[in-house]
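*Asks:* After the C-alpha cells below, expect a handful of questions from me.
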Amino acid sequence: MAISFDPGTLYVGTSGGDLKEGTDRDDALLGLAGNDVLFGKGGDDVIDGGSGNDTLYGGTGNNLLYGGAGDDVIYADANSNNIIVGGEGYDTAVFQGSASDYTVNGIGDNSYTVVNNTTHYSSFLQEIEAISFQSTTPLPCYVTGTMIETRRGAVAVENLRAGDEVRVVSGRQGEWAPVSWIGFRQVDLLRHPRAEAVQPVRVLAGALGNNLPVRDLVMSPDHCLLIDGLLIPVQHLVNGQTIVQERARAAVTYWHVELPQHDAILAEGVAAESYLDTGNRASFANGGAAMTMYADFAQDDGRATAERLVPRLTAADMPRVAAIRASLVPAAVALAA
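When the count follows the working numbering, it moves up by one through the sequence shown with no breaks and lands on 1027 for the last residue.
Dropping the structure here:
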C-alpha cells in the first residue's frame, strides 16, 4: 500500500522556549532545549519536544509525539491516532473528553492503549506516568463590539446591563429574556498556553447566507451557532475564506451574556447561544473572588447538562455539520466574486 506524505512545516527550534504551530499538512516540529509549546494542528505530524518541560498538541491526524527529557504534557485530540512517548521525566498524556469516553488498558511499564469509545481513534502510550482527561464543552463568548438585539435596539455586548431584555429564539422563555449577568475577560493570546483554543473566529458579513450576519461576527472558537436545530461550535465552520480564525491578534476581550435559561440570542442577526454556567466563572475577571491564570473557556464540571438548550454535538451529528458546511459554499463564492 502506498504511503501518502503531504509535506507541511519543518521546524527546528532554538535553545530557548519556542512556540510553534504547524499546518493542516504533515509537519515535523522539533523543540530542542527549553520549555517549548508545539502545535501540530491537522495532518500526520511528528513532534519532538526535546529537553525541557514541553507542551505538545498533536491535533487531528496520525501523530508521533515525543516529549524528550523533562516533565512534559502531551495533548491528544479525540479525532487522532497517536503514538505518544513521554521520554525522561514525569510525563502526562491529556485526552479530549471525559474518562468515560475512553477505554484505557495498561500493558505494563508505564505503557497503555487508549481508545475513544465514540470515534474509535486510538493511541499507544509509552513512558507516560499520568493520564488525564479534559472536557471540551463549548462556552459562548463574544468579542467587544458585537451587536446584540434588545428591546431598546441593537446594543454592543459590552454595554449590556443586568435587566436588559434580549431577543431569544427558542421559545422556551418567550420572545424576550432579561440579562442576569455579563461576564468579561481579556485574554493575552501571546502568553496563553493553548492560544488556538481561545483565538477568535470571524464570520464575515453574509457568510451564512441570507445576508447573515449583518456585520462581521467575531466570537470565541467554541461559541455555538444555532443552525438547523444544532448548536455548532463556530470552529467547525471555519473555511479559511469567509469564516476564519484570527491568529495575528495579541489580545482579545471576551464577553458573555447569561440569561435565566440557556437559550439562543441574536448577535449581528445570527442565532447564537447564551452563556451556560458549567463551573468556569473563574475564567472571567468578574466571575468570582479569584480569577484563573489562563482562561479556560472549555471547562465543564457537568452541572448544567440538563439545562442545555439542545444536547452537545456527538460523532453522530458530524454528517449533518458537514452538510451545513457544504450549504455555506454558495455564500462564500458570492462574497469572493
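Where a beta carbon is used, it is the ideal one built from N, C-alpha and C, also for glycine.
Bear in mind that the values here come from a model prediction, so they are computed numbers and not experimental data.
#1: Please state whether the Cβ-Cβ distance between D738 and Y756 is less than 7 Å.
#2: Rounded to whole angstroms, how far is the Cβ of N891 from the Cβ of Q925, which I believe are closer than 8 Å?
#3: Quick one, which of N800, V804, N929, N795 has its alpha-carbon nearest Q786's?
#4: What first and last residue would you give for the alpha helix (DSSP H) that runs through I773?
#5: Could you please give the first and the last residue of the uninterrupted beta strand (DSSP E) stretch that includes L754?
#6: Could you say which of D716, G740, D734 lies nearest to N725 if we only look at CA atoms?
#7: Whole angstroms is fine: what's the gap from Q989's alpha carbon to T750's?
#8: In angstroms with no decimal places, state the Cα-to-Cα distance between M981 and A1027.
#9: Among L722, L927, D734, which residue has its Cα nearest to the Cα of D716?
#10: If I'm right that L949 touches V858 with Cβ under 8 Å, what's the distance once you round it to whole angstroms?
#11: Quick one: which unbroken beta strand (DSSP E) runs of 3-plus residues sit fully inside the stretch 822-864? Chain order, please.
#12: Is it the case that the Cβ atoms of V784 and E817 are separated by a distance below 7 Å?
#13: Out of G864, R841, G861, A1013, state which residue places its alpha-carbon closest to the alpha-carbon of G853.
#14: Buried or exposed for T745, going by 16 or more other Cβ atoms inside 10 Å?
#15: Confirm the yes/no value for this check: CB of V727, any heavy atom of the ligand PLP, distance under 6 Å.
#16: At what residues does the beta strand (DSSP E) containing P1020 begin and finish?
#17: If you measure from the beta carbon of H952 to each beta carbon in chain D, is any gap under 7 Å?
#18: Taking DSSP's pairing of strands, which residues face N806 in a bridge?
#19: Taking the straight line between their C-alpha atoms, what separation do you get for S770 and G777?
#20: Counting only the same chain and skipping the five closest in sequence on each side, list residues whose C-beta sits under 8 Å from that of D906.
#21: Taking 6 Å as the limit between beta carbons, can you name the residues of its chain near T836, skipping five residues before and five after?
#22: Would you mind stating whether V736 and L754 have Cβ atoms separated by less than 7 Å?
#23: My understanding is that G919 touches V1000, with C-beta atoms under 8 Å, so please give their C-beta distance in whole angstroms.
#24: Could you give the residue range of the beta strand (DSSP E) that holds S705?
#25: Output needed for V702: all residues of its chain with C-beta closer than 8 Å, excluding positions within five of it in sequence on either side, in chain order.
#26: Can you look up H946 in the DSSP assignment and give me helix, strand or coil?
#27: Select from A867, Q863, T782, N849 the residue whose C-alpha is nearest the C-alpha of V856.
#28: Nearest to A789 by alpha carbon, out of N806, D762, K731, H913?
#29: When the Cα atoms are used, what is the spatial distance from H952 to S860?
*Replies:* Per the coordinate set shown:
#1: For D738 and Y756, yes; Cβs fall inside 7 Å.
#2: Reading off the sequence, residue 891 comes out as Val, not Asn. Correct: roughly 6 Å between the Cβ atoms.
#3: V804
#4: I773 -> not in any alpha helix (DSSP H); beta strand (DSSP E) instead, spanning 770-775.
#5: 751-756
#6: For N725, the nearest C-alpha among the options comes from G740.
#7: Any answer about Q989 is weak, because its pLDDT of 43 lies below 50 and its placement is not dependable; what the coordinates show is given next. Roughly 21 Å between the two C-alpha positions.
#8: At M981 the pLDDT is 28, less than 50, meaning the model places this residue with poor confidence; the figure from the coordinates comes in the next sentence. Those two C-alpha atoms are separated by around 46 Å.
#9: D734
#10: 7 Å
#11: 837-840, 843-846, 855-861
#12: no
#13: For the options G864, R841, G861, A1013, the alpha carbon positioned closest to that of G853 is the one of R841.
#14: By the Cβ neighbour-count rule, T745 is buried, with 16 or more other Cβ atoms within 10 Å of its own.
#15: The ligand PLP is absent from the structure shown, which contains no ligand whatsoever.
#16: Not the beta strand (DSSP E): P1020 falls in the alpha helix (DSSP H), residues 1019-1026.
#17: Of the protein chains in this structure there is only one, and it is not chain D.
#18: Y792
#19: 21 Å
#20: R892, V893, L894, A895, E958
#21: The residues are V847, A957.
#22: Against a cut-off of 7 Å, the Cβ pair of L754 and V736 comes out as a contact.
#23: 7 Å
#24: Counting along the chain, S705 falls outside any beta strand (DSSP E), and DSSP gives it neither H nor E.
#25: Listed in chain order, the non-local C-beta contacts of V702 below 8 Å within the same chain comprise L720, L722, local neighbours out to five positions each way being set aside.
#26: strand
#27: Comparing Cα-Cα distances from V856 to each of A867, Q863, T782, N849, the minimum goes to A867.
#28: N806
#29: 9 Å
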